[in-house]
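Protein chains in written order, with this note's numbering: chain A, 1 to 765; chain B, 1001 to 1163; chain C, 2001 to 2286. No residue lacks a Cβ here, since even glycine has one placed at the ideal position from N, Cα and C. Since the model is a prediction, treat every value here as computed from it, not as a measurement. Notes to accompany the following structure.
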Amino acid sequence: MEKQNFNIIGTRADGCDEKDKVLGNVVYAEDYIMPDTLYCKVFRSAKASAMIKKLNIDKAKALDGVSCVLTHEDVPNNESAKNVVGQTTEVGLLEAKQRILATDRVRYYGEPIVVVAAETPELARDALELIEIEYEELPGVFDPEEAMKPDAPKIHGDNNVIANWALRKGDVEKAFAESDVVVEAEYRTPRQEHAHMEPESGLAWVDDMGVINIRYSTQVVEHYRDVAAVLGIPESRVRTIGTIIGGGFGGKEDLTVEVFLALCSWNTKRPVKMAFSREEMGFGRQKRHPYVLRYKTGATKDGKLTAMQAELISDSGAYVMLSPWVLLYSTVHSTGPYFIPNVKVDAYSVLTNNIMTSAFRGFGGMQVAFAYESQMDALAIKLNMDPVELRKKNFFKRGDETANFQSIPSEVMLDEAVEKAVEALGPKSEPSGKNMRVGRGFACSWQSYGRMTYLHDTASSWVGLEMDGSAVVRCGIPDLGGGQRESIRAIAAELLGIPLDEVHVISTDSQVTPLAGTVTATRALFMSGNATKLAAENVREVILEKAADMLETAAEDLDIENKMVYSSRQTDKKVELVKVIRRCAAEGISIQSLDTYKAAFTDEIKTNVIKDPVYNDWTFGTQAVEVEVDTETGKVNVLKHVSVQDVGRAINIKRTEGQMEGGAAQGLGFALMEDYLEVDGVPITWNLTEYLVPTSKDIPDSNSIILESRSGKGPFGAKGIGEPSITAAAPAVANAIRDAVGIKVLHLPATPERVFWELQKKHQS
Amino acid sequence: MENQLYELTVYVNDKAVRGKVRAEKTLLDFLREHNFTEVKKGCDNGDCGACTVIMDGLAALSCSTTALQAEGRRVYTVKSLGSWEKLHPLQEAFVKHEAVQCGFCSPGFLMTAKALLDNNPMPSRNEIRDAISGNLCRCTGYVKIVDAIEDAASAIEEVSREA
Amino acid sequence: MRNFRFLQPDSVSTVLKAKEEERENGRILAGGTNLLSYIKMGRVKEGLLIDITRLDELKQIEDTENEVSFGASLTITELLNSSVVQNRLSYLHDTLTHFANPLIRNQATLGGNIADGSPIADTIPILLVLDATVTAASSKSERIIPLKEFFVGPGKTVLAADELLVKVSVPVHESSGVKMIKLGLRNGTACSVTSAAVRVEQDNKKLREIRIALGGVAPTPIRAYNCENALLDGLFDIEAAAGAELEALQQDINPISDVRGTAEYRRGVSVNLVKRALRSAAGMEV
C-alpha cells in the first residue's frame, strides 16, 4: 500500500510558519517573558590558561537587586561528561570532563566562572563588574602540533591527544612506488564560527509540580538529561521546550544557556531569562575545528587513483566536546567519493588552550573535502587531464567498498552531477578590469546523513486523526528553520490524503512530544521523516482497512485524496474520510499511532583503525564556481555558483534549494573570509564587525540543480541535504582561483592577503 | 547614584508608546521592552541589521539609535506592513520565494526592503543587493531574498499602474 | 555601573555651553554607530549624551564658487542625495557609495566619521586629497583646521575638550581627476584594510599637481608627501609611473599588523591601490 502518486511531496508548497515569520508573529526564545523574571549573565575567564588565585563575589552579592551569584561550589554536579566513543584512554573520560563553572583553573578565554541573576540585565552586568578575580597565568599551548609534543603543557591529564582514528586498506607504500604520478601537499582550514542570527537564549522557571521548565533555542531537546545530571534531580523533573530556532548550524547542539538558566531558577525559584551577547557567542561557544591536513595521492597515467595517504590534525580546543566524532567523520570521508584501493590515514584531535571546537554543519567533512578535491585538481594538472574526466574514472559506484570497508548502499549520481554543474556555469565572464583574471573550478563531495550507526539512533513520532479528518503530528524534532516540521507535515498530509493546512505538527517538547532525537547530523528528515511515515502509514492502514469493509472492496485498491477514500479500480467506490473516522470511533478502533524508526545499528567501534560500517548512507554532489581574482590586491570575487545534489527525493523543492543555497553561502564564507582568530588563545574576531560572514554583495546568484535517485534511506527514497550542501563550495573556489591565476590555495580562507603573497611568489619564480 | 530617567513618547506603528528610560537605552531595547519583540536583537552592534525599523522614512538600526533620539518620531516595525488576511506584497513574495528560513533576520530585511522600494520602486538586482548589504542572513544565501524583493517591486508597480 | 545623562539641545550654542561644562564627558551623539558601540563595550561608562541630530544648523550645505561646506551632522545618505555632491563633487559621491552599507549610511554623519579619529574612516582619504578643512567651534571661538593637521593618533584629534566639529569644507577642483579606492575583506560592509585616494591635475599629460592620501597604513589617515613629490619630480607620463616613484610611498607609511592584515601586506598592496587610483584619476584604464 506504499503510496506512489504525490500531491504535496515534491512540490513548492509554502511552509507552515513562513507567514508568521514575515508578519513578525513568531515568538523566539528571547521574546518569552514571565512575571517576576530575573536576568542571568555569566562571568567568564579573561585568560586562556591560568589558575584562579582569588575569587571574590561579595560585592556582587551585596548589590541591590542581585538575586544569586553562583560559583562551582553551588553546582551540585559540576562536571559534565559525555561518554564519547573514540576518546583515547590516555586522557580518560574523568580527566577531560567539562566543568559547568571553573573550579581552580581556566583552560580557555571565555570559560564560565560565575553565574549571576538580577532584577534587570543592567544590574546583572553591574554585578559582573563587581566580581574580583586574580589569576596566576600558566603556560598555554595554542597550536595542536605543538600540543602533541611530549613537553607541551598539558590541558587535562598527561596527553593532549584526545582522539585518534585511522584507516588501513591495501599497501600504500607499494602503490605509491608503482604510481605514475604522485601529488603531495599540506592544507590548513580555519576556525569557523556558526554566526547564526539568533543568539543562544531562553527562559527557565520551576513550575507548581517542582519541574524545571526551560524554553530555549536548542537543536537538542534531550539536553534535559544533562541539566538533570548537573542538578542531581530526576530526568523527569526537567522539561525542555524548544522554540523556533533562529539558526544553529551545530552551534546550538552542545550545551549553551540551559544549565545556567536551570541553576539560577532552581536557586531562586523565580523565572530566569538569558541571552548570549554576540561577543559571548564568540568566546563562549564552540567553533568548527581548524585542521592541518597532509595529503599524498597517487594515480596511474590514465587517471586511475592508486593510493592515498593522509595525516589529519584537528584543534579541539580546551575541552573534548564532540571532537572525536568530528574526527571520525573526517577520517572516513577523507578519501572523497572515490574508490581508492590503497589507503592509509592517521587522524588526531588535540587539546589546546584555544576556544573549544565541536559540531558545525559539515562535521569534519568540509576540511577533508578541501584537501581531497584540491588533490584531484593537482593530479589532473600533473596528468594533463580534464579534471572532470579524471574524477569520472574514480567515482564510487553503488556497492563499492569504502576505505572503512563499508558498501555504498545507494546510487552515486556524480557523473550527472559534475556534468550538469560545469555546464550550468554557462559562457565564461569577461574580466572587469585589466588586472582581473577569471577562472573556474568545481568540486565533488560525499557527506553522510544520519548519525554514526554504533549510536543506535532512533526517532519516534505520533500521528492521530481528528473527528473532522484533520490530523495532529507529535514529534520531538526541533525546527532549525530548514523546514523540519514542514517535512513531517507534508509526509503525514500526503499519506493521509489531507490538505497541508489541516495537519498540525507539535514538536520539540521533551515531555509532550515523542523524542525524535537531535536536529543535527543531517538526520531530521531521515529519522523523524521515517518515524512520521511509519506512524502515518499505520493510521492509513487502519483507515483503508475500515474503508475496505465499508466499500466492500480490497484495502490494496484504496487510496486517500482530499479527504476522500476511493478505489483506484472502481471510481464509484468511495467514502469520505470523515465517515471512516466516525465508523472507527463508533467501533472503538484507534486512529492514532506512535511509531519508532530505527536506523542501521552496528557494534561499538573497539579499535582506532576503522574497519567496519559507521554510516547509514551518503549524499553525493558537485559545486562549481566562477571567480574573478584581483591580481593587484589578491581579492577574490565569486561571480557564479552552481550546486548539483542528488537528494534522493526532494520533499519540498523550495526548501531543498534553500538548503543548497544557504549551505553554499556558508561554504563560500569558509573559503574566502571566515576565520575566528585568536592570538595566544585571546580572540580578536569576536563580533560581526571583525568576524566576517558573506553579505548579499558577496554571494552571486546561484543555480541549484536537484537530482533525485530515489535511492536514499529517508522517506520515499530521500537522502539528506542539510550538511552536504556546504561541503564542496570551498574546494571549488580553491580550484577556480588556481584556474584563474595559477596559484595553489593551500590555506583557507583565501583572504586577499594570502592570495596576494602567493601571486608574489609566483611572480618571483 | 541613581541613573536619571527621561520621559519619552515614540509613535510606533502609529500608536503613541510612552516610557521612562535611561539616557543610553537603545531604541531596540525600548521597543522590545514595550512588546515590539518582532524587532530582533542579533548583534546589538550595528553589524547584522536584524533590528532594522523604519524611522522618518528611512531604514534605521534601532540598536544604534538611543530611544531618546526617537522621541516624538514615527517608527515602523514589520508588524506595520501587512496582516494575516492581507500580506504586504513584500511579505507575500518572501513566502513565495522561500526568502525565509529560520525567520530571525526577516523582520529586518523586510523593513530595509520596504524603505528601498519606497525610495526606489523598481531597483535593479545590484541595487537590491547593495540596499540589503547591511542585513545579514545566515540561512538563505540571499538569492531568494533578492528574488523576492525584485518580484515584490513588480507586484507593487503593477498594482499602482492599475490604480 | 553606568551613569549617563541626556541633552536634547535646541541650538549649537547650547551644545557648546554643555561642552564647556562637561568637557570630555560631553559625548556627542550623532549617528550613534560608534558611540553606542563604545558604551555597550564598556569603553565609555558615563557622561552627558548630547544629541546633535536635530540641529538644522548642523545640516546645512553651503555651495559657493570655490568650495562646498557641509554641516557636521549631515548623514552619508543625505550627502549622497544632495545634488551638489552628485554634480559638483561626483568623485565624493562615488566614494560615499562604498561607505559601510546603506543602513549605516542612513545614520553615520560626516562629522562623526571625521571626529572619531579612526585611521580607516571611509571619508578621510578623499577629503585629504581635496584639501578639505574642518571648522571647530567652542563657546568662545571658532577655528578652521586643515584636515591634514586634524589627526593625532588612533582615536585622537586636535579637537579640544570643549570643541565641537561643526563644518567640513571641501574645495571644488573643477579640473582635477579624483579617485578613492577602498580594500576590504568582503564586498558588503567592510572595514578597510587599506584605502587610497588620489587627485591629479594634468596639463597635456603633464602632471601639475598631485595629492595622495591613505587610510589604514599609519596611526592616522595620512597624506603621502614623499610619494607625491617623487611623482611630481619624475613624472611626465603617468603610464610610466608604476615603478620606482611609487616606491617612495614606503617612506610615507608605517602600517601595523592587525586582524585585517599584516604590515607587510599593507605595504605591498597600498602601492597597488595608489597606482590604481592614480590611473583612474588620470582617466586611464584600470
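At a Cβ threshold of 7 Å, is residue 1024(B) touching chain C?
Closer than 7 Å: yes.
Hey, out of 2157(C), 2131(C) and 2152(C), whose CA is closest to residue 2146(C)'s CA?
2131(C)
Write down every uninterrupted run of the beta strand (DSSP E) in the region 489 to 555 of chain A whose length is 3 residues or greater and which is fully enclosed by it, in chain order.
503 to 507
Does the distance from the C-beta atom of residue 1082(B) to that of residue 2102(C) stay below 7 Å?
The Cβ-Cβ distance between residue 1082(B) and residue 2102(C) does not fall below 7 Å.
Name, please, each residue of chain C whose Cβ falls closer than 7 Å to the Cβ of residue 1130(B).
2102
Exposure label - residue 2041(C); buried when at least 16 CB within 10 Å:
exposed
Given that a residue counts as buried once 16 or more other Cβ atoms are within 10 Å of its Cβ, and exposed if not, what is residue 763(A)?
exposed
Beta-carbon neighbours of residue 518(A), restricted to chain B and to distances below 8 Å:
Neighbours of residue 518(A) on chain B: none; closest Cβ ~17 Å, over 8 Å.
What residue ranges within the region 425 to 450 of chain A form continuous beta strand (DSSP E) runs of no fewer than 3 residues, ordered along the chain?
436 to 449
So for residue 636(A), helix, strand or coil by DSSP?
For residue 636(A), the three-state secondary structure derived from DSSP is strand.
Report yes or no: do the region 600 to 607 of chain A and the region 580 to 590 of chain A share at least 3 C-beta pairs separated by less than 8 Å?
No contact exists between the region 600 to 607 of chain A and the region 580 to 590 of chain A.
How would you list, in chain order, the residues of chain A whose beta-carbon sits under 7 Å from the beta-carbon of residue 1106(B)?
21 and 22
Just list the residues that DSSP pairs residue 205(A) with in beta bridges.
Residue 205(A) pairs with 213(A).
Cutoff 6 Å; reference residue 121(A); Cβ partners in own chain excluding five residues on either side:
39
Once DSSP output is grouped into helix, strand and coil, what is the label at residue 621(A)?
strand
Endpoints, the alpha helix (DSSP H) within which residue 264(A) is located:
258 to 268
Rounded separation between residue 2118(C) and residue 1106(B) - CA only
32 Å
Residues in the region 644 to 662 of chain A with C-beta within 8 Å of chain B's C-beta atoms, listed in sequence order?
Here the close residues are 654, 655, 657, 658, 661 and 662.
Mapping the DSSP letters down to three states, classify residue 95(A) as helix, strand or coil.
Summary for residue 95(A): the model assigns pLDDT 46, below 50, so the residue's position carries little reliability; its value from the coordinates is reported in the next sentence. In this structure, residue 95(A) counts as helix in the three-state DSSP scheme.
For residue 2018(C), does the count of other Cβ atoms within 10 angstroms reach 16, so buried, or fall short, so exposed?
buried
Flag residue 1059(B) as yes if its beta-carbon sits less than 7 Å from any beta-carbon of chain C, otherwise no.
yes
If you measure beta-carbon to beta-carbon, which residues of the region 1038 to 1059 of chain B are closer than 8 Å to chain C?
1044, 1045, 1046, 1047, 1049, 1052, 1058 and 1059
Roughly how many angstroms separate the alpha carbons of residue 506(A) and residue 595(A), rounded to a whole number?
16 Å
Between the region 665 to 673 of chain A and the region 745 to 758 of chain A, are three or more C-beta pairs nearer than 8 Å?
yes
Pair every Cβ in the region 327 to 334 of chain A with every Cβ in the region 623 to 638 of chain A, then say whether three or more of these pairs are closer than 8 Å.
no
Among all the DSSP beta bridges, which residues are the ones paired with residue 702(A)?
641(A)
Do the CB positions of residue 766(A) and residue 1141(B) come within less than 7 Å of each other?
A question about residue 766(A) goes unanswered here, because the residues of chain A that appear run from 1 up to 765.
Residue burial classification, residue 512(A) (beta-carbon count within 10 angstroms, cutoff 16)
So residue 512(A) counts as exposed.
Would you decide whether residue 2073(C) is buried or exposed? Buried here means 16 or more other CB atoms lie within 10 Å of its CB.
buried
Chain B contact residues for residue 783(A), given Cβ-Cβ distances below 7 Å
The displayed coordinates of chain A run from 1 to 765. Any statement about residue 783(A) would go beyond what the structure contains.
Beta-carbon gap between residue 246(A) and residue 193(A) smaller than 7 Å
Their beta carbons are not under 7 Å apart, which means residue 246(A) does not touch residue 193(A) by this criterion.
7 Å Cβ shell around residue 260(A) - same chain, five flanking residues per side excluded:
Counting only Cβ-Cβ distances below 7 Å, and skipping sequence neighbours, we find 40, 42, 115 and 274.
CB contact check: residue 1091(B) to chain C, cutoff 7 Å:
no
Can you check DSSP and say which residues form a bridge with residue 2006(C)?
2049(C)
Per DSSP, residue 589(A) forms a beta bridge with which residues?
For residue 589(A), which the question treats as bridged, DSSP gives no partner whatsoever.
Look at residue 665(A) and residue 699(A) and say whether their C-beta atoms are less than 7 Å apart.
For the pair residue 665(A) and residue 699(A), the CB atoms are nearer than the 7 Å cut-off.
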